[in-house]
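Chemist:
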Amino acid sequence: MIFKVLYQENRAEVPVRENTKSLYVEASSEREVRQHLKDRNYNIEFIQLLEGSHLQYEQASANFEVESLE
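Throughout the sequence shown, residue numbering follows this note's numbering, covering 224 to 293 in sequence.
(1) If we ignore side chains and look at the alpha-carbon of each, how far apart do I225 and E281 end up?
(2) Taking the alpha carbon of A235 as the point to measure from, which residue in E288, S276 and R263 has its own alpha carbon closest?
(3) If we call anything under 8 Å between Cβ atoms a contact, is E255 one with L229?
(4) Drop a sphere of 10 angstroms on the beta-carbon of A250, count the other beta-carbons inside from all chains shown, and report buried for 16 or more, exposed for fewer.
(5) Between which two residues does the alpha helix (DSSP H) containing Y280 stretch?
(6) Let's test the definition: count the other Cβ atoms within 10 Å of the Cβ of Q258 and tell me whether it reaches 16, buried, or not, exposed.
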């Protein structure tokens, strides 16, 4: 499964929508994604499972690059 993670780069800063970044992670659960990212100093706002037409839409983006946990 592929998850889209919306995050701020610095956990200490107040979240600002304009500074929100996203990354894509291939994992079997949201819990695995959180475990994978826990060492980074990210303020994770939201993790969303991508599937179907939503996944196809995201794959068409120029910024679509999936991180694998393996």
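Yeah, the Cβ is synthetic: ideal placement off N, Cα and C, and Gly gets one too.
In this text the structure is predicted, and so the values were computed from the model without any measurement.
Modeler: With the structure as the only source:
(1) Here residue 225 refers to the residue found at position 2 when the sequence shown is read from its first residue. Here residue 281 refers to the residue found at position 58 when the sequence shown is read from its first residue. So the two alpha carbons sit approximately 11 Å from each other.
(2) Mapped onto the sequence shown, residue 235 falls at position 12. When each option's Cα is compared against that of A235, the closest is R263.
(3) Working through the sequence shown from its first residue, we reach residue 255 at position 32. Working through the sequence shown from its first residue, we reach residue 229 at position 6. Cβ atoms of E255 and L229: not closer than 8 Å.
(4) In the sequence shown, counting from the first residue as 1, residue 250 sits at position 27. A250 should be labelled buried.
(5) Here residue 280 is taken as the residue at index 57 of the sequence shown, counted from 1. It spans G275 to Q282 - the alpha helix (DSSP H) in which Y280 sits, taken as one unbroken run.
(6) For the purposes of this step, residue 258 is identified with residue 35 of the sequence shown, where counting begins at 1. Exposed.
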